[in-house]
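One structure is given here, and the rest of the page talks about it.
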Amino acid sequence: MMYDKDTGMFDRILSMFATVQDEGHGSVLLVFLIGVVFGSIIQYTKVHKFEKIAGFSMLKDTVVPKMLFLAIGLASIGLYFMIEAGWASYHLKPIMLGGLIIGGAIFGIAMAIFGKCPGTGPISVAEGRIDIMVGAIGGILGGLVFTLYYDQFKMIMGPNFGKLSLTQYFEGHESLTVLIFGLVLIAISIAIPLIEETDDEDPGYQK
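Counted from 1, the sequence shown has number 332 at position 187 by the working numbering; the numbering is strictly sequential.
Structure follows, in structure tokens:
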């Protein structure tokens, strides 16, 4: 068999799929419906367009930051109270400064080149954008390499500062902390002035 030479690597690849499958994110139908809603919002706001990301990078378009602050603010409040009610769960990741700095730099460079992020990229792929398909394949391969050789990459990821969260610094006031944090982000989203660049790919698009 083809995988007999490296059964360990094949088993690790299978475990990746098993881990995702066992996360308990809900039924396939529920995940599909959430994806449809997410994709519809992205397409309606056109934040999957290169011009939006490029405009944001050059501070000529504020649709992306307005959406980001609003989404993070609402999600922070909603997710926290859903977890408290037992309707959701999440897994904190440890803070490793080396990995965050290097990973953030790579992410930023790739986002500047493609004008997409992991959320908007698949939407452009669904529209038939071949250039983004190339980037998506590269991202999948990059993630595969990182997963398979994670032990080797750990040496450049820096010290592990543990799993930290904002609520740990305000024990006894967790709900109020999350509520204030979320409302502040929502207020920032509203306060940012709306500036939109014309979409050159869509002649009918207007400000």
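For every residue, glycine included, the Cβ atom is placed at its ideal position computed from N, Cα and C.
Predicted, not measured: the structure shown is a model, and the values here were computed from it.
Using 8 Å for Cβ pairs, my map puts residue i next to residue j. What's the rounded Cβ distance?
| i | j | result |
| --- | --- | --- |
| residue 323 | residue 225 | 4 Å |
| residue 198 | residue 261 | 7 Å |
Between the beta-carbon of residue i and the beta-carbon of residue j, is there less than 9 Å?
| i | j | result |
| --- | --- | --- |
| residue 328 | residue 218 | yes |
| residue 315 | residue 221 | no |
| residue 298 | residue 306 | no |
| residue 284 | residue 257 | no |
| residue 253 | residue 303 | no |
| residue 240 | residue 193 | no |
| residue 337 | residue 191 | no |
| residue 187 | residue 264 | yes |
| residue 195 | residue 259 | yes |
Between which two residues does the alpha helix (DSSP H) holding residue i run?
| i | result |
| --- | --- |
| residue 405 | The question about residue 405 has no answer here: the residues shown for the chain are numbered 146 through 352. |
| residue 302 | That residue, residue 302, is in no alpha helix (DSSP H); it is neither H nor E in DSSP. |
| residue 188 | 173-190 |
| residue 269 | 266-271 |
| residue 314 | No alpha helix (DSSP H) holds residue 314; DSSP gives it neither H nor E. |
| residue 306 | Element bounds for residue 306: n/a, residue is neither H nor E. |
| residue 231 | No alpha helix (DSSP H) contains residue 231, which DSSP labels as neither H nor E. |
In whole angstroms, what separates the C-alpha of residue i from that of residue j?
| i | j | result |
| --- | --- | --- |
| residue 334 | residue 231 | 29 Å |
| residue 146 | residue 289 | Low local confidence applies: a pLDDT of 39 at residue 146 is under 50, so the model's placement there is unreliable, and no value is given. |
| residue 229 | residue 321 | 13 Å |
| residue 330 | residue 215 | 6 Å |
| residue 235 | residue 339 | 33 Å |
| residue 309 | residue 184 | 31 Å |
| residue 173 | residue 286 | 24 Å |
| residue 351 | residue 266 | Summary for residue 351: the model assigns pLDDT 40, below 50, so the residue's position carries little reliability; its value from the coordinates is reported in the next sentence. The alpha-carbon atoms of residue 351 and residue 266 are separated by roughly 23 Å. |
| residue 312 | residue 301 | 29 Å |
| residue 249 | residue 293 | 20 Å |
### Message
Any contact between the stretch 204-218 and the stretch 266-282? By contact I mean 3 or more CB pairs, one from each, below 8 Å.
### Response
no
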